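Sequential numbering of the sequence shown, starting at 2, is according to this note's numbering.
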Amino acid sequence: MLSWETWKVSVLADCSTWIAGEWMSKAVLAPGELAQFHVGLAVITGLPAAFPTLPLELTVLYNSLLFTVGASDSAIEGESEGIRAGLLRVLEACGACGQDLSTEELWQKVLREVTVEELQAPLHRLGALQAAWWLADSRLGSTAGLFRLLSNAEDLGRACCSEGQNELLSLLKAWQIPAEGASLPLVQSTEDLKEILCTAAAFLQGLQELEAGNFPTALSLLQEAAGGFCSKRVLAQIYTCLGCCAQRMGKPQTALQHLKQALQVDFQCLPALSHVAAVYHELGETEAELQALALLYEALGKKPPAAASSSPYFLIRTELLVHPPILASLLRHRHPSEVKYLLAQRCLQDGRVADAVEHYLDFLALLQEGLQQQVPLDGGSALPRIPEVFLEAASALEQAGRHQDAIIVCEEVISRTTDLIPWMLRVEERLEQPECPLPGAGLAGGLLSQKKESRCCLAWRAAGYLHQGWAWAKLGESKEAITQFSRCLSSLLRVQLYGSGVEPTESLLPEVEVLQKIRFLSLIGRGAQFLELGRHKEALLDFQHSLQISPGDPAAASYLVQALWKLNRKQEAAAHWQKFSQRPSGEDGRQEGQERPFPLYLVSCLKQATFPHSESLARSIQDYLRTTSWDPSS
Numbered sequence: 002m003l004s005w006e007t008w009k010v011s012v013l014a015d016c017s018t019w020i021a022g023e024w025m026s027k028a029v030l031a032p033g034e035l036a037q038f039h040v041g042l043a044v045i046t047g048l049p050a051a052f053p054t055l056p057l058e059l060t061v062l063y064n065s066l067l068f069t070v071g072a073s074d075s076a077i078e079g080e081s082e083g084i085r086a087g088l089l090r091v092l093e094a095c096g097a098c099g100q101d102l103s104t105e106e107l108w109q110k111v112l113r114e115v116t117v118e119e120l121q122a123p124l125h126r127l128g129a130l131q132a133a134w135w136l137a138d139s140r141l142g143s144t145a146g147l148f149r150l151l152s153n154a155e156d157l158g159r160a161c162c163s164e165g166q167n168e169l170l171s172l173l174k175a176w177q178i179p180a181e182g183a184s185l186p187l188v189q190s191t192e193d194l195k196e197i198l199c200t201a202a203a204f205l206q207g208l209q210e211l212e213a214g215n216f217p218t219a220l221s222l223l224q225e226a227a228g229g230f231c232s233k234r235v236l237a238q239i240y241t242c243l244g245c246c247a248q249r250m251g252k253p254q255t256a257l258q259h260l261k262q263a264l265q266v267d268f269q270c271l272p273a274l275s276h277v278a279a280v281y282h283e284l285g286e287t288e289a290e291l292q293a294l295a296l297l298y299e300a301l302g303k304k305p306p307a308a309a310s311s312s313p314y315f316l317i318r319t320e321l322l323v324h325p326p327i328l329a330s331l332l333r334h335r336h337p338s339e340v341k342y343l344l345a346q347r348c349l350q351d352g353r354v355a356d357a358v359e360h361y362l363d364f365l366a367l368l369q370e371g372l373q374q375q376v377p378l379d380g381g382s383a384l385p386r387i388p389e390v391f392l393e394a395a396s397a398l399e400q401a402g403r404h405q406d407a408i409i410v411c412e413e414v415i416s417r418t419t420d421l422i423p424w425m426l427r428v429e430e431r432l433e434q435p436e437c438p439l440p441g442a443g444l445a446g447g448l449l450s451q452k453k454e455s456r457c458c459l460a461w462r463a464a465g466y467l468h469q470g471w472a473w474a475k476l477g478e479s480k481e482a483i484t485q486f487s488r489c490l491s492s493l494l495r496v497q498l499y500g501s502g503v504e505p506t507e508s509l510l511p512e513v514e515v516l517q518k519i520r521f522l523s524l525i526g527r528g529a530q531f532l533e534l535g536r537h538k539e540a541l542l543d544f545q546h547s548l549q550i551s552p553g554d555p556a557a558a559s560y561l562v563q564a565l566w567k568l569n570r571k572q573e574a575a576a577h578w579q580k581f582s583q584r585p586s587g588e589d590g591r592q593e594g595q596e597r598p599f600p601l602y603l604v605s606c607l608k609q610a611t612f613p614h615s616e617s618l619a620r621s622i623q624d625y626l627r628t629t630s631w632d633p634s635s
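Okay, structure coming up:
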């Protein structure tokens, strides 16, 4: 009869060989089969631990853990209880106990007390697996400590740090794997696993340095990872991260080189294409940016090819070990509607009105189909709030001469926001509380958020009326235009601003400043239409009010001069004309460069509010000044 030890050796050898054979033949184990094997292994390891069979036990454990990870093909998470159980078996064979020790303490105890030669290779293999689990959990210190023990190099880490080298990578590269000898088949060799660990460690630390803003160090580590042992998909991701790092370092051309390398390695790495568009935007190369966005939109619309099967000799792979949040952020896939919006926005900003209209209408069609609901409107999304997109579309339609369509789009915004605005909105001109509220300030924060939402809705509704006013004006319907401008101004009467009112405009809340600008543009628009109808007194009042909102604005000042001239108040007109014509260019009541950019949907209104240059009026005023003895400066 076979002894227990001989039976264990036979069964363990059969188990390990079977696992390796199943993997190498690319067979896929059903969950039930894998579970049965684990039950059998548990029965065997339930017997007393003994040194003669421990190398086989640890080899079977190594193969089974590798096979389980490879079969799941998902990121490694949590602690490996199998590794801990293997270490406890080793201590049991030595007559020692370690149940109360942490996993790190277990490794220290085992590697310092167990010197049996036959166990060195199996323990190093198990240590490589432990490093994989710890790297996946970003436990770099624990990993470095383990390899100090495996290499018997307590002082190596300090030496590496003093020389400016990366400690963990130096320890990994210095690690000498014991000779395997005549061991059982392994489903992944320790040498391959070492290469994967080096690549993952460099990639992970590069991402951490990138997130911390240490860009030169991040660049060096990511370049190290790019030369490592990984699939084409991961290599493309590393090049993408290198591109992002170079971009943040202010090296856009270098960033483009890395991003193009990513696409050459794997064109399905669409986040790289998204970053290419962002770099071209930063460089101001609009044509190249639009081409990149169009290519990205086309690629997103195609059915992606079937994922390539994993390489049979890579059970533990770099992508299973490196999955920090920053990587998900850098490799975030754009939704097609986000890319369509970016195309529309960039075209509108660049004055490509016809293309902008086409893209905005496509985007609104996606909204109508309900596809937009799939896009998370988080901080990483390119999309603004939906009413703003509608208003931008209306702005594009206006500039394209499609004024009736612009009116219809604005009516949608007005109707959807009317019920969301309180009858009276009391607004503080500046922040009501610090950006970081004190504990227990949740209710106050909620009220502030509600107030901000009300301000936004009011701005969108007022902007809808503003656009309709300008659209009717372009259609030659001055009375209807005046009606819409008046509705815009009436809706803004719901706002009661309170505060000292003496600070400069730049201290206002952004939403308040937008409301003030909309009021200013409505007054200019309505006043211009009053002039068209010959209602000069009413026009004069609007221009005076607009100058109170934006003192020194050249358009408001020019309109004011024209109204005064038409009212035959020539002395006042000449005085204002001389005052504003002598003002330095760009001086409009605030220092140049201090003004916050206004929303894109207001840009067309700002252009329309510009006073049309009138040489005849200027000549008339100059003739008046020459023929009169009145001195405007007196």
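C-beta: ideal position from N, C-alpha, C; glycine also.
Note that this is a predicted model, so its numbers are computed, not measured.
| Asked | Found |
| --- | --- |
| Selection from Leu-565, Cys-231, Leu-626 that minimises the alpha carbon distance to Phe-1 | What is shown of the chain runs 2 to 635, which leaves residue 1 out entirely. |
| Residue interval of the alpha helix (DSSP H) (run including Ser-523) | 511-533 |
| Assigned exposure category for Cys-554 - 16 Cβ within 10 Å defines buried | Looking at the sequence shown, residue 554 is not Cys but Asp. With 16 or more Cβ atoms within 10 Å of its Cβ, Asp-554 is classed as buried. |
| Burial state of Asp-420 (16 or more Cβ within 10 Å) | exposed |
| Beta-carbon contacts of Arg-627 that lie in its chain and below 6 Å, excluding the five residues immediately before and after | none |
| Closest Cα partner of Gln-131 within the set Lys-195, Ala-256, Ala-94, Gln-166 | Lys-195 |
| Beta-bridge partners of Val-117, as assigned by DSSP | None, per the DSSP bridge assignment. |
| Which residues DSSP lists as bridging Leu-426, in chain order | Val-496 |
| Status (buried if at least 16 other CB within 10 Å, exposed otherwise) for Asn-569 | exposed |
| Proximity below 8 Å, CB of Leu-541 to CB of Leu-565 | yes |
| Residue closest to Met-425, alpha-carbon to alpha-carbon, out of Ala-407, Glu-413, Ser-455, His-404 | Ser-455 |
| Cβ-Cβ separation, Leu-107 to Gly-83 (assumed contact under 8 Å), whole Å | At roughly 13 Å, the Cβ-Cβ gap does not stay under 8 Å, so Gly-83 and Leu-107 are not in contact. |
| Proximity of Thr-200 and Gly-244 at Cβ, strictly below 8 Å | no |
| Buried/exposed call for Gln-248, threshold 16 Cβ in 10 Å | buried |
| Beta-carbon contacts of Tyr-466 that lie in its chain and below 8 Å, excluding the five residues immediately before and after | Cys-411, Ile-415, Gln-485, Phe-486, Arg-488, Cys-489, Ser-492, Ser-523 |
| 8 Å contact criterion, which Tyr-560 and Leu-392 should meet: CB distance rounded | With 8 Å as the limit, Tyr-560 and Leu-392 do not qualify as a contact, their Cβ atoms being about 24 Å apart. |
| Run of the alpha helix (DSSP H) containing Phe-364, from where it starts to where it stops | 354-369 |
| Whole-angstrom distance between Asp-193 and Thr-636, CA atom to CA atom | This structure gives no information on residue 636, because the portion of the chain shown stretches from 2 to 635. |
| Where Asn-64 sits in the DSSP three-state scheme | helix |
| Three-state class that DSSP yields for Lys-303 in the structure shown | coil |
| Burial state of Glu-58, where buried means 16 or more other Cβ atoms lie within 10 Å | buried |
| Alpha-carbon to alpha-carbon, Ala-97 and Lys-110 | 10 Å |
| Cβ-based burial, Asp-267 [other Cβ within 10 Å; buried from 16] | buried |
| Rounded C-alpha distance that separates Phe-612 from Ile-622 | 17 Å |
| Between the CA atoms of Gln-405 and Ala-619 - distance to the nearest angstrom | 35 Å |
| Separation of Ser-547 from Ile-519, as counted between CA atoms | 10 Å |
| 8 Å Cβ cutoff met for Leu-55 and Ala-86 | no |
| Glu-339, buried or exposed, once every other Cβ within 10 Å from all chains shown has been counted against 16 | buried |
| Member of Gln-177, Asp-138, Ser-139, Leu-223 whose CA lies at the smallest distance from the CA of Phe-148 | Gln-177 |
| Where Val-235 falls, given that 16 or more other Cβ within 10 Å makes a residue buried | buried |
| Residue interval of the alpha helix (DSSP H) (run including Glu-168) | 168-175 |
| DSSP-derived helix/strand/coil call for Thr-629 | coil |
| Buried or exposed by the 16-neighbour rule on C-beta atoms within 10 Å, applied to Gln-346 | buried |
| Contact set for Ile-408: own chain, Cβ-Cβ below 6 Å, skip 5 residues either direction | Gln-469, Ala-472 |
| Contacting residues, own chain, Cβ-Cβ under 7 Å from Val-703 (five flanking each side not counted) | Residue coverage of the chain in this structure runs from 2 to 635, which leaves residue 703 outside it and unanswerable. |
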